[in-house]
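First up is the structure itself, then whatever we jot down about it.
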Amino acid sequence: MDKKIEDLFANWRRRNIQGLYCANKAEAVNEILRMIPLSATVGISGSVSLDELAAVKALESRGNKVFNQYQPGLSRQESLKIRREGAAADCYLTGVNAISQNGELVFFSAFGNRTAGISSAENVIVVSGVNKLTPDINSALKRSREYAAPLNCKRLKYNTPCFAEGVCHEDICRFPEYKRMCCQVLIIEAEATPDRLKVILVNENLGF
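Reminder that position 11 of the sequence shown reads as 42 in this note's numbering, one-by-one numbering, no gaps.
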């Protein structure tokens with residue numbers, strides 16, 4: 032690990048957040064499978080990082096009960112129900128939009144299952160590539176809103192101003208003209224419960 036990552040991990044320790052370093056994607060998947068017991072139920076958020084790791088498939092293949100709201104053929108109501116169930120699972124697995132050098136974690140959410148799971152699940156595992164690291168909280172919020180959100184809107188074909196232009200127009204992104212994605216913003220500054228919140232930092236680019 033370089034000095035910046037060592038400092039980040041030290042900042043996490045002071046915030047009661049456990050950091051784990053993986054050199055590559057394969058190590059990260061092995062770490063996820065090690066950390067989550069076979070008996071545990073797992074909630075997930077929508078995450079390009081998790082997709083690139085094929086982490087959900089790995090958990091389902093070995094027999095974990097995953098509350099997967101992205102199964103084909105689900106109605107909107109069924110998907111929302113699974114999201115709510117997943118937020119209360121034994122373990123919640125998610126990506127992150129940005130991480131500050133000081134250790135804050137920034138998450139944007141449309142439906143709230145992501146922020147609910149991260150905030151209250153008994154065990155939370157956040158997976159991030161080094162591309163999500165930013166100098167401070169302001170740049171972390173800027174990255175989340177102006178870089179990650181437009182790419183996610185494009186990926187999911189959301190009717191938003193940033194879908195059309197690739198540029199955030201937060202001032203006009205309102206219902207009913209637009210299907211806004213950035214409805215909730217969660218900033219994790221610290222964790223009250225020891226060992227509840229863990230961040231796997233992968234020394235590769237993952238997601239947006």
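Beta carbons: idealized from backbone N, C-alpha and C, even for Gly.
Does the region 191-198 come into contact with the region 111-126, if we say contact requires no fewer than three beta-carbon pairs (one atom in each stretch) closer than 8 Å?
With a cut-off of 8 Å, the region 111-126 and the region 191-198 do not count as touching, because too few Cβ pairs lie within range.
Quick one: what does DSSP say L229 is sitting in, helix, strand or coil?
In the sequence under discussion, the amino acid at residue 229 is Lys, which differs from the Leu named in the question. Strand at K229.
With distances taken from CA atoms, which of C213, R174 and I130 is nearest S159?
Answer by Cα proximity: I130.
Quick one, which of E83, M212, L164 and E177 has its alpha-carbon nearest F142's?
Answer by Cα proximity: M212.
DSSP three-state label for I156, please.
Three-state DSSP puts I156 in a strand.
For K229, does the count of other Cβ atoms within 10 angstroms reach 16, so buried, or fall short, so exposed?
Around the beta carbon of K229, a 10 Å sphere encloses 16 or more other beta carbons of the protein chains shown; the residue is thus reported as buried.
Going by Cα to Cα distance, which pick from R107, K56, N236 and E220 is closest to I149?
The option with the nearest alpha carbon to I149 is E220.
Go through its chain and collect everything with a Cβ distance to A241's Cβ below 7 Å, but skip five positions before and after it.
The question about residue 241 has no answer here: the residues shown for the chain are numbered 32 through 239.
Contact under 8 Å by Cβ, E201 with R174
Contact flag unset, no.
Does the structure place the region 118-137 close enough to the region 158-172 that three or more beta carbon pairs sit under 8 Å?
They touch, by the three-pair rule.
For L172 and C199, what's the separation of their Cα atoms in angstroms?
Taken atom to atom, the span from the alpha-carbon of L172 to that of C199 is near 12 Å.
Run the CB neighbour count on L124, radius 10 Å, all protein chains shown included, and call it buried at 16 or more, exposed below.
By the neighbour-count rule (16 or more Cβ atoms within 10 Å), L124 is buried.
May I ask you to report which of helix, strand or coil DSSP gives A54?
Three-state DSSP puts A54 in coil, outside helix and strand.
Nearest to G74 (by Cα), restricted to the options N47, Q100, R93 and F239:
Of the listed residues, the one whose Cα sits closest to G74 is Q100.
Using CA coordinates, which residue listed in L187, A180, V161 and R205 is at the minimum distance from F40?
Comparing alpha carbon positions, the residue from L187, A180, V161 and R205 closest to F40 is V161.
What does a CB cutoff of less than 8 Å around E153 pick up in its chain, not counting 5 residues either side in sequence?
Contacts found: D121, C122 and R227.
Which word fits R45, buried or exposed, when buried means at least 16 other C-beta atoms lie within 10 angstroms of its C-beta?
Looking at its Cβ environment, which holds fewer than 16 other Cβ atoms inside 10 Å, R45 is exposed.
Provide the residue(s) that pair with V87 in DSSP beta bridges, ordered along the chain.
Under DSSP, V87 takes part in no beta bridge, so it has no partner.
For a minimum of 4 consecutive residues, which ranges assigned as the alpha helix (DSSP H) are wholly contained in the region 177-231?
If we require 4 residues or more, the alpha helix (DSSP H) runs fully inside the region 177-231 come out as 180-187 and 192-196.
Pick out whichever of M66, N128 and Q102 has its Cα sitting closest to the Cα of Q215.
Comparing Cα-Cα distances from Q215 to each of M66, N128 and Q102, the minimum goes to N128.
I need the DSSP call for S140, collapsed to helix, strand or coil.
S140 falls in the strand class under three-state DSSP.
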